[in-house]
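Chains as they are written, first to last, in the working numbering: chain A, 22 to 431; chain B, 45 to 357.
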C-alpha cells in the first residue's frame, strides 16, 4: 500500500511536469513524424510511396519513342512522367521529383532502325554490346539510387527492348509470319473452354512498409530507455528537497519506497509504448504483425528492464549535471550499440553480437520478429522477453542493494 | 527511563570524529534545545536519532527500549521536521498532507481529522488547496512543521525549523512547539537562534566539534549571580591599564574610546567588588567617565565564550 501512495504521488508529479510529458510522450511521436516527413513517407498516399518516379525526356519525338513511354508506364511500381528537356530533368533529379531520368536522344529511332534480329537476340555481341548508349538512350539515377544505377539502366533497357524487339523481329519476313501465327493461336486458345486458366501474377513484395516496421519499434525502444534520465532526476529531486529523508523516517520500508519510485515510470513506459505503436499505425500505416497481442509481453518486459536500469543508474548519479552527461551518454550509447538508429541487419555481425549485451537489442529482436515476419518465431520472442525480464530484475535487485547501502546505513 | 535517552553516541568519517561521546536525555513533555555552531555535529546527531545514519558507538533508547530504526512502529514514535523544506512544491498543501499521512498508514476519516488539526494549528486551513509554489516562506515552513505532527508522534525532532521566516510565522511555530510540550510530547529542538532556544527550551545542550560542552536548564547554564559591566572612558594611560590588573578587561572601541569590561558578583556585597576598585583608580587619575552599561550574561555570550568567535563554515 505504501508503494502505491508513493507511486500515485510520483505519477501526479510526472503529469504536472509538462517537460517530462513532452519528452516522454510527445517527443517520440514528433521525432517519428519528422522522420516520416523527411523521408517523404508521411502525408502521402501509401500507393504513392511505393512508386519509383521516372522522368522521361523524349528528344526523338517519334512513334516508337512514344511506345517506349507507354510501355514504361505500364510497368508496376513506376510512375513515368514526361519532362520537357535535359535541364529540367536535372532539376527533377536534384529536388527528388524524379528518382531516375531516361533520355531518348534525337537519334533513338535511327539507332532502332539500324538494329537487326541478331542484335536483339545476342545483345552481348551485336550493336547493343555498348548497352543503352547504342540506342542513344541515357539513364541517370538520383542520389538515392546511385548505388543501383547500373541495375536501373538494365531495367530501363529491358523495358525499351520489349518495345524495340518485336519491331526489329517483324522486319524479318519469316519471323513476322511466325509472330502473326503465334498471336492467332493464342486468340483461338483464349476463345476455347479448354484453355488453361492463366497463372496469377506473383505478388511483388515491397520493402517500404518493412522499413517502418523496423524504424518505429526502434524509436519506441530508444525512448523507453529515456525514462532512465527521469528516474534518476526523480531520486535527485527527492534527495534535494529532503523528502527522501522524510519518507525514509516514516513507516515505509525500503522495498516499498523503491517500488513506489519505480512503478510510475513502469506505467509511463507502457503508456508511451502504446501511444507510439498507435502513432505508428496512424502516421505510417504500420502493421502490428500477425500476433498483435504478443507485443504486450515485449512492451511489459522492455518497460521492466528500462525502469530497472533507471533505478540502478539513480544510485550512481547524484546531480542533475550527471544526469545530463553520464545518464544521457549511457542511454544514447546503448541505443547506438543495439541498433536503434538503423535496422539491426545493417550492423556487422560482430556489432550484432556485441549488442546482445544491451536490453535494447533483445527488445528490437522481439519486435522485429513480431512485426516483420509472417510466421513469428514465438520461442525467440519468449526468449527475448525472458532476457528482458531477467535484465530488469537483476538491475532492480542490484539497484535496491546499492540504494539500501547508500540511503539506509542505519 | 521514560523519554529519549542518548548515551555515548559517536560517529566518525575517516579520521574526523563528528560526534564524540554525546549523551543527553529528553523527557516526555520536555523541550530540549540542541545548539552549536555550523559543523558542531547537531544534524549528524539528529540523523542518528531518527535512524537515517548508523552510529559507530552508543545507544539510543525510547522509554527504555533500544531504538531500532528498522522497526516501522518505532519509527512512528518520531516526527521529523527537517532543516530543508521537505515538501513537494508542485502539489497542494492538502496533497502533501495526504501523501505524508499515507506514509504512516493514516486513512479515511482519521487521516482527514489529522489533516484538519494540522491545518488548524499551522493556520493554513484557508490555503489547503493552493499549490506550494504560491506559498510564502513562512507558510511553507509551517506546513513543513505540521507534516511531522500528522501521525501523532511521541517525540518531535526539529532541525532549525524557523530558518528564513517572518516573526509572525516564527511566533506561530514556537507556540505550536510549546503546545506539543503541553500535550506530553517530547521535543528535540536544534537552532541557531539563541532567543528562540531561551524562549521555549526547558533544558538545552551546547555542543561543538561533536562534543557536549554544557547542558542543563537555562538558569544552570547562565550564572544569574553575576553581571557584566562596561565602563567607558575617553582614554587610558598605559600605567593605569597595568594597575587595573585582573579587575577589568580593556577593550578599544571603534570610535577610539576605551571600554573596561568587568564581571561583578551580585552576591559578594560584603566585599568591595571590581567595579569599585576600577572607579577609584579612574577617579584618582582624574579620567572622566563617559558611561557605565550593565547587562546580564546571555545565552549568546555564553555560547560565544564556549565555542569561540572564530568563523565556521
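Quick reminder that beta carbons are idealized off the backbone N, C-alpha and C, glycines included.
| request: Could you tell me the boundaries of the beta strand (DSSP E) in which residue 99 of chain A lies? | output: By one-based count along the first chain, residue 99 of chain A stands at place 78. Run containing residue 99 of chain A: 99 to 104, per the beta strand (DSSP E) assignment.
| 6 Å Cβ shell around residue 157 of chain A - same chain, five flanking residues per side excluded | Translated into the one-based positions of the first chain, residue 157 of chain A becomes position 136. Once the five neighbours on either side are set aside, the close Cβ partners of residue 157 of chain A are 126, 128, 129 and 132.
| field | Proximity below 7 Å, CB of residue 358 of chain A to CB of residue 342 of chain A | value | The residue you call residue 358 of chain A lines up with position 337 of the first chain. The residue you call residue 342 of chain A lines up with position 321 of the first chain. No, they are not a contact pair.
| said: So if I threshold CB-CB distances at 7 Å, which residues from the segment 114 to 128 of chain B count as touching chain A? | reply: 116, 119, 120, 122, 124, 126 and 128
| residue 305 of chain B: buried (16+ other C-beta within 10 angstroms of its C-beta) or exposed? | The count along the second chain starts at 1 and reaches residue 305 of chain B at position 261. It is exposed - the Cβ of residue 305 of chain B has fewer than 16 other Cβ atoms within 10 Å.
| request: Report the option in A:426, A:326, A:397 and A:334 whose CA atom is closest to the CA atom of residue 311 of chain A. | output: Taking the first residue of the first chain as 1, we reach residue 311 of chain A at position 290. Ranked by Cα distance from residue 311 of chain A, the options A:426, A:326, A:397 and A:334 are led by A:397.
| request: Taking only runs that begin and end inside the segment 74 to 135 of chain A, name each unbroken alpha helix (DSSP H) of 4 or more residues, in chain order. | output: Runs of the alpha helix (DSSP H) lying entirely within the segment 74 to 135 of chain A and spanning at least 4 residues, in chain order: 84 to 95, 107 to 116 and 129 to 135.
| Using DSSP with H/G/I as helix, E/B as strand and the rest coil, what is residue 162 of chain A? | Here residue 162 of chain A is taken as the residue at index 141 of the first chain, counted from 1. In the structure shown, residue 162 of chain A sits in a strand (DSSP, three-state: E or B).
| task | For the segment 264 to 292 of chain A, enumerate the residues whose C-beta is nearer than 8 Å to any C-beta of chain B, in chain order. | result | Result list: 264, 266, 267, 268, 269, 270, 271, 272, 273 and 274.
| Which residues mark the beginning and the end of the alpha helix (DSSP H) in which residue 212 of chain B is found? | What you label residue 212 of chain B is simply residue 168 of the second chain in a count that begins at 1. Per DSSP, residue 212 of chain B belongs to the alpha helix (DSSP H) from 211 to 226.
| task | Identify, in the order they occur along the chain, each residue of the same chain with its Cβ nearer than 7 Å to the Cβ of residue 100 of chain B, setting aside the five sequence neighbours on each side. | result | Taking the second chain and counting its residues from 1, one reaches residue 100 of chain B at position 56. Excluding sequence neighbours, residue 100 of chain B sits near 54, 55 and 56.
| said: Against residue 131 of chain B, what residues of chain A qualify as contacts under a CB-to-CB distance less than 8 Å, listed in chain order? | reply: Here residue 131 of chain B is taken as the residue at index 87 of the second chain, counted from 1. Result: 262 and 264.
| Can residue 293 of chain A and residue 48 of chain A be called in contact, C-beta distance under 7 Å? | Position 272 of the first chain, counting from 1, holds the residue named residue 293 of chain A. Position 27 of the first chain, counting from 1, holds the residue named residue 48 of chain A. It is not a contact, given that the beta carbons lie outside the stated cut-off.
| query | Nearest to residue 111 of chain B by alpha carbon, out of B:51, B:148, B:212 and B:286? | reply | To locate residue 111 of chain B, count along the second chain from 1; it is residue 67. Checked all of B:51, B:148, B:212 and B:286; the closest Cα to residue 111 of chain B is B:51.
| task | Would you kindly report the start and end of the unbroken beta strand (DSSP E) that includes residue 362 of chain B? | result | The displayed coordinates of chain B run from 45 to 357. Any statement about residue 362 of chain B would go beyond what the structure contains.
| message | residue 73 of chain A and residue 90 of chain A - do their beta-carbons sit closer together than 7 Å? | response | Walking along the first chain from the start, residue 90 of chain A turns up at place 69. Walking along the first chain from the start, residue 73 of chain A turns up at place 52. Contact annotation: residue 90 of chain A and residue 73 of chain A have beta-carbon atoms that are not nearer than 7 Å.
| message | Using 7 Å as the threshold, is the C-beta distance between residue 217 of chain B and residue 206 of chain B below it? | response | The residue labelled residue 217 of chain B in the question sits at position 173 within the second chain. The residue labelled residue 206 of chain B in the question sits at position 162 within the second chain. Between residue 217 of chain B and residue 206 of chain B, the C-beta gap is smaller than 7 Å, which places the two residues in contact.
| task | Within its chain, find whatever has a CB closer than 8 Å to the CB of residue 385 of chain A; leave out the 5 residues flanking it on each side and keep chain order. | result | For the purposes of this step, residue 385 of chain A is taken as the residue at position 364 of the first chain. Within the same chain, residue 385 of chain A has close Cβ partners 238, 239, 242, 359, 360, 361 and 365.
| request: Only counting runs of 4 or more residues, tell me where the alpha helix (DSSP H) segments fall wholly within the segment 240 to 278 of chain A, in order along the chain. | output: 248 to 262 and 264 to 269
| task | Could you list the residues in the segment 142 to 156 of chain B with a C-beta less than 8 Å from some C-beta on chain A, going in chain order? | result | Against chain A - using a Cβ distance shorter than 8 Å - the residues of the segment 142 to 156 of chain B are 143, 144, 146, 147, 148 and 149.
| query | Hey, would you say residue 124 of chain A sits closer than 7 Å to residue 159 of chain A, going by beta carbons? | reply | Position 103 of the first chain, counted from the first residue, corresponds to residue 124 of chain A. Position 138 of the first chain, counted from the first residue, corresponds to residue 159 of chain A. Yes, the Cβ-Cβ distance between residue 124 of chain A and residue 159 of chain A is below 7 Å.
| field | residue 182 of chain B: contacting residues in chain A (beta-carbon distance under 8 Å) | value | The residue labelled residue 182 of chain B in the question sits at position 138 within the second chain. Simply none; closest approach about 18 Å.
| field | Neighbourhood of residue 429 of chain A by C-beta distance below 8 Å, restricted to the same chain and skipping five residues each side | value | The residue you call residue 429 of chain A lines up with position 408 of the first chain. Hits under 8 Å: 269 and 275.
| query | Bridge partners of residue 69 of chain B, per DSSP? | reply | Start at 1 with the first residue of the second chain, and residue 69 of chain B comes out as number 25. In the DSSP output, where bridge partners are listed per residue, residue 69 of chain B has B:49.
| task | Report the option in A:369, A:368 and A:402 whose CA atom is closest to the CA atom of residue 383 of chain A. | result | On the first chain, residue 383 of chain A is found 362 positions in, with the first residue counted as 1. That would be A:402, whose Cα lies nearest to the Cα of residue 383 of chain A.
| said: With a threshold of 7 Å between beta-carbons, can residue 426 of chain A be considered close to chain E, or not? | reply: Chain labels in this structure do not include chain E; the protein chains are A and B.
| Contact residues within the segment 92 to 111 of chain B, judged by C-beta distance below 7 Å to chain A | 94, 95, 96, 97 and 98
| request: For the segment 294 to 376 of chain A, list the alpha helix (DSSP H) runs that are entirely contained and at least 4 residues long, ordered along the chain. | output: As far as the segment 294 to 376 of chain A is concerned, its whole alpha helix (DSSP H) runs of at least 4 residues are 316 to 335, 349 to 359 and 370 to 376.
| said: Please tell me whether residue 134 of chain B has its Cβ less than 7 Å away from any Cβ of chain A. | reply: For this step, residue 134 of chain B is matched to residue 90 along the second chain. Yes, because at least one Cβ of chain A sits closer than 7 Å to the Cβ of residue 134 of chain B.
| task | List the residues of chain B that residue 34 of chain A touches, going by C-beta distances under 9 Å, in chain order. | result | As a first step, residue 34 of chain A must be located in the first chain, where it is residue number 13. Those within 9 Å of residue 34 of chain A in chain B are 132, 134 and 135.
| query | Over what stretch of residues does the alpha helix (DSSP H) that includes residue 156 of chain B continue unbroken? | reply | Numbered from its first residue, the second chain carries residue 156 of chain B at position 112. Residues 152 to 165.
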